[in-house]
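Undergrad: Chain order of the listed sequences is A and B. Note that full-length UniProt numbering has the first sequence beginning at 1, numbered continuously upward. Note that full-length UniProt numbering has the second sequence beginning at 1, numbered continuously upward. By construction, the Cβ of each residue, glycine as well, lies at the ideal position given by its N, Cα and C atoms. Before anything else, here's the structure in question.
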Amino acid sequence: MLAWLYESAAVTDAEVRKLRRDPTELLSRAVQPVLWLAVFGQVFSHVRGIPTGSLRYLDYMAPGILAQSILFSAIFYGIAIIWERDLGIVHKLLVTPARRSALVFGKAVAAGLRGLVQAAVVYLVAIALHVAIRWEPLPMVTVAAAVFVGSCIFSTFSLVIACIVKTRERFMGIGQLLTMPLFFASNAIYPLDIMPDWLRAIAAFNPLTYLVDALRGAMIVGGHSVYGDATSFGIMLLVFLLLLALAAKLYPGLAR
Amino acid sequence: MAATNNSIAIATVDLSKRFNHVTALDRLTLSVARGQIFGLLGPNGAGKSTTIKILTTLLEASSGRATVAGFDVAAEPIEVRRRIGYVPQLLSADGALTATENLTLSARLYGLHGARLKTRVHEALAFAGLDTVAHKLVRTFSGGMIRRLEVAQATLHTPEILFLDEPTIGLDPVARRTVWERLQQLRHSQGMTILITTHDMEEADVLCDELAILHQGRLAVIGQPDALKAQVGPQADLADVFAHFSGAVIEQEGYYRGIRQSRGTIQRLG
Chain A
1 MLAWLYESAA VTDAEVRKLR RDPTELLSRA VQPVLWLAVF GQVFSHVRGI PTGSLRYLDY
61 MAPGILAQSI LFSAIFYGIA IIWERDLGIV HKLLVTPARR SALVFGKAVA AGLRGLVQAA
121 VVYLVAIALH VAIRWEPLPM VTVAAAVFVG SCIFSTFSLV IACIVKTRER FMGIGQLLTM
181 PLFFASNAIY PLDIMPDWLR AIAAFNPLTY LVDALRGAMI VGGHSVYGDA TSFGIMLLVF
241 LLLLALAAKL YPGLAR
Chain B
1 MAATNNSIAI ATVDLSKRFN HVTALDRLTL SVARGQIFGL LGPNGAGKST TIKILTTLLE
61 ASSGRATVAG FDVAAEPIEV RRRIGYVPQL LSADGALTAT ENLTLSARLY GLHGARLKTR
121 VHEALAFAGL DTVAHKLVRT FSGGMIRRLE VAQATLHTPE ILFLDEPTIG LDPVARRTVW
181 ERLQQLRHSQ GMTILITTHD MEEADVLCDE LAILHQGRLA VIGQPDALKA QVGPQADLAD
241 VFAHFSGAVI EQEGYYRGIR QSRGTIQRLG
């Protein structure tokens, strides 16, 4: 187990060093949440077309936009994996005796850390728009944990797709195809209650729903979780473990 | 399974690989003695890279058997990986990391830690002649520097066997010779067995103790360079040997992905 953690930490360390050297991606990824919150959120706050109880719509959607920002960023993580394949970096990693699950987990943890930085950017935008944020330690830790696990889930999902499609062109197409359905089939910008039954059934199988639910319960004043933290985190961790196992199985196929 | 014959580093018996209906490797049987520099030659698509990928556990054979350092590549891949180093044809050093960071990552994945890790990283930097640029990003290096770094990375854990896939493709003559010197140094100082694939006849002549020429996935011939030249004719060089045994119309050989890979590597090496 210690050796496994050591190998994972080695991969995470390398990934984080690369991220620190090139923070431009983080800034460019901040543009979308700014637009969603500042434009879409502000406008829909005035329309009052979506029932959000006592919450302002902007407050209601802020956790959803944070989750969306995590999803959109992590789902394209696979592009970097395909790039590493094309450069031969994957081959080099795979001939080491390091466990495949450790290599994949190390990358997921790096994506989780990147998600935390991204969450900080979304928080800055939310503060600027006077979103009612909870600043108590426990909710903050809950948000951080949800962001971390959510990033791990979607980056590993992305890695699985990369292992299957293997080319950047195909990956871009599939990435685009997946992000919007995942986003709209979730409770990110409207409550589950107002969804038609078929969409609510799909949303129940969408890990983004549980990420948003955990964030909504912890991030904003007056927000509450529909499923409860135990269920949301339990399902997210289960999904992550399943994806991790699948990714560890498929990752060696990138070198073929 | 421990090796029964300690003098053999690599052995394959009827090793085959099929991709759908294409046979990339067809019943390859060969053995490489410990301490040898062994060359695999052949046109693009001859099965060189497939062979090296099977031997380094990156690819599973369709049939047949291969042992590396005495361990079966299919049944005991982890034991094989502990004992080998691999330099792919593609440039595998990460340009977004420094030389030290690239080496440290590899060292950690090979299980080195603490003082031993630091010592080996310093030794590797010295071996590669990169001490003065240890903290510079690899994307600023020349092609020769990157290749030397990759050889150093692949040998951090002092493997018994080093595999190199087209190690000097795209390098200028000076950089090429520097890589050759490092390989010979590894063989002499550590008794390392080295298997390289190459298109370069001069490289094969200078470096290799023994050569195997593959053609269309099959072993065309195996032997020492001088013996092979003698088989072809009194004035023959390795290019003649290559043409003679590989069926020769080299310019008509190859396949899209292999050529794209080679060109990509050459382009990245500048």
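1. What first and last residue would you give for the alpha helix (DSSP H) that runs through A:Y123?
2. For B:A11 and B:T51, I'd like the C-alpha separation in whole angstroms.
3. Interface residues of chain B around A:V34 at Cβ under 8 Å?
4. Just verifying my parser: in three-state terms, what is the DSSP assignment at residue 274 of chain B?
5. Evaluate B:S142 with the Cβ neighbour count: other Cβ atoms within 10 Å of its Cβ, from every protein chain shown; 16 or more gives buried, anything less gives exposed.
6. CB-CB under 7 Å to A:T209, same chain, minus the five flanking residues each way: which ones, in chain order?
7. Could you check what DSSP says for A:Y60 in three-state terms: helix, strand or coil?
8. Restricting to Cα atoms, I'd like to know which of B:R18, B:V241, B:P234 and B:L214 is closest to B:L40.
9. Would you list, in sequence order, the uninterrupted beta strand (DSSP E) runs of no fewer than 3 residues that lie entirely inside the region 33-102 of chain B?
10. How is B:G170 classed by DSSP in three states: helix, strand or coil?
11. Output the boundary residues of the beta strand (DSSP E) element that contains B:L112.
12. Determine the chain B residues that contact A:K18 at a beta-carbon separation under 8 Å, and present them in chain order.
13. Along the region 46-75 of chain B, what residues have a CB closer than 9 Å to any CB found in chain A?
14. Under DSSP, the beta strand (DSSP E) around B:V221 begins and ends at which residues?
15. Give the residues of chain A in contact with B:E166, contact being defined as C-beta atoms less than 9 Å apart.
16. Let me know the secondary structure DSSP gives B:G254 once reduced to three states.
17. Consult DSSP for B:S31 and reduce its assignment to one of helix, strand or coil.
18. For A:F105, count neighbouring Cβ atoms within 10 angstroms of its own Cβ and tell me buried if that reaches 16, exposed if not.
19. Please list the partners that A:L237 has in chain B, where partner means a Cβ-to-Cβ separation under 8 Å.
20. By the criterion of Cβ-Cβ separation under 9 Å, what are the contact partners of A:E7 in chain B?
21. Give the interface partners of B:R81 over in chain A, defined as CB-CB distance under 8 Å, in chain order.
22. By Cβ distance below 6 Å, which residues in the same chain neighbour A:Q68 in space, the five residues on each side in sequence not counted?
23. Would B:G35 and B:T193 qualify as a contact pair, given that the criterion is a beta-carbon distance under 9 Å?
24. Within a Cβ cutoff of 6 Å, which residues of the same chain sit near B:V249, ignoring the five residues on either side of it in sequence?
25. Answer with yes or no whether the minimum CB distance from A:P23 to chain B is below 9 Å.
TA: Let me spell this out:
1. If you number the first sequence from 1, residue 123 of chain A lands on position 123. Where A:Y123 is concerned, the enclosing alpha helix (DSSP H) stretches over R100 to A128.
2. Within the second sequence, the letter at position 11 stands for residue 11 of chain B. Within the second sequence, the letter at position 51 stands for residue 51 of chain B. Rounded to whole angstroms, B:A11 to B:T51 spans 11 Å at the Cα level.
3. If you number the first sequence from 1, residue 34 of chain A lands on position 34. The contacting residues do not exist; A:V34 stays about 27 Å from chain B at best.
4. The first residue shown for chain B is 1 and the last is 270, placing residue 274 of chain B beyond what the model contains.
5. Along the second sequence, one-based indexing puts residue 142 of chain B at 142. Taking all protein chains shown into account, B:S142 has fewer than 16 neighbouring C-beta atoms within 10 Å of its C-beta and is therefore exposed.
6. As a working mapping, residue 209 of chain A is identified with position 209 in the first sequence. For A:T209, where only same-chain residues beyond five positions count, the Cβ hits under 7 Å are S186, N187 and A203.
7. Position 60 of the first sequence, counting from 1, holds the residue named residue 60 of chain A. In the structure shown, A:Y60 falls within a helical segment according to DSSP collapsed to helix, strand and coil.
8. Here residue 40 of chain B corresponds to residue number 40 of the second sequence, with the count starting at 1. Nearest neighbour of B:L40 by Cα position, chosen from B:R18, B:V241, B:P234 and B:L214, turns out to be B:L214.
9. Look at the region 33-102 of chain B and you find these whole runs of beta strand (DSSP E), each 3 residues long or longer: 37-41, 63-68 and 84-87.
10. Along the second sequence, one-based indexing puts residue 170 of chain B at 170. Assignment of B:G170 by DSSP, reduced to helix, strand and coil, places it in the coil class.
11. Here residue 112 of chain B corresponds to residue number 112 of the second sequence, with the count starting at 1. Unbroken run through B:L112: none, as it is neither H nor E.
12. Counting from one through the first sequence, the residue named residue 18 of chain A turns up at place 18. Within 8 Å Cβ-Cβ: D94, A96 and L97.
13. Near chain A, meaning a CB-to-CB distance below 9 Å, the residues of the region 46-75 of chain B are K53, T56, T57, L58, L59 and E60.
14. Taking the first residue of the second sequence as position 1, residue 221 of chain B is located at position 221. For B:V221, the uninterrupted beta strand (DSSP E) run begins and ends at R218 to G223, by DSSP.
15. What you label residue 166 of chain B is simply residue 166 of the second sequence in a count that begins at 1. The contact set of B:E166 on chain A, defined by CB atoms closer than 9 Å, is empty, because the minimum CB distance reaches about 11 Å.
16. The count along the second sequence starts at 1 and reaches residue 254 of chain B at position 254. Low per-residue confidence applies at B:G254: pLDDT is 49, beneath 50, and the placement is therefore not dependable enough to give any value.
17. In the second sequence, counting from the first residue as 1, residue 31 of chain B sits at position 31. DSSP places B:S31 in strand when its eight states are reduced to three.
18. By 1-based counting over the first sequence, the position of residue 105 of chain A is 105. A:F105 counts as buried, since no fewer than 16 other beta carbons sit within 10 angstroms of its beta carbon.
19. Within the first sequence, the letter at position 237 stands for residue 237 of chain A. Result: empty, since nearest Cβ-Cβ is about 26 Å, beyond 8 Å.
20. On the first sequence, position 7 is the one that residue 7 of chain A refers to. The contacting residues are R108, L109 and G111.
21. The residue labelled residue 81 of chain B in the question sits at position 81 within the second sequence. Against chain A, a Cβ distance below 8 Å from B:R81 picks out V95, T96 and P97.
22. Taking the first sequence and counting its residues from 1, one reaches residue 68 of chain A at position 68. Same-chain partners within the cutoff: F183 and A188.
23. For the purposes of this step, residue 35 of chain B is taken as residue 35 along the second sequence, with counting starting at 1. For the purposes of this step, residue 193 of chain B is taken as residue 193 along the second sequence, with counting starting at 1. One thing to note: B:G35 has its Cβ within 9 Å of the Cβ of B:T193.
24. By 1-based counting over the second sequence, the position of residue 249 of chain B is 249. Any reading at B:V249 must be qualified, since the residue scores a pLDDT of 45, below 50, and its modelled position is unreliable; the value itself is stated next. Non-local beta-carbon contacts of B:V249 in its own chain, meaning distances under 6 Å to residues more than five positions away in sequence, are absent.
25. Walking along the first sequence from the start, residue 23 of chain A turns up at place 23. Using a CB distance cut-off of 9 Å, A:P23 does not count as an interface residue toward chain B.
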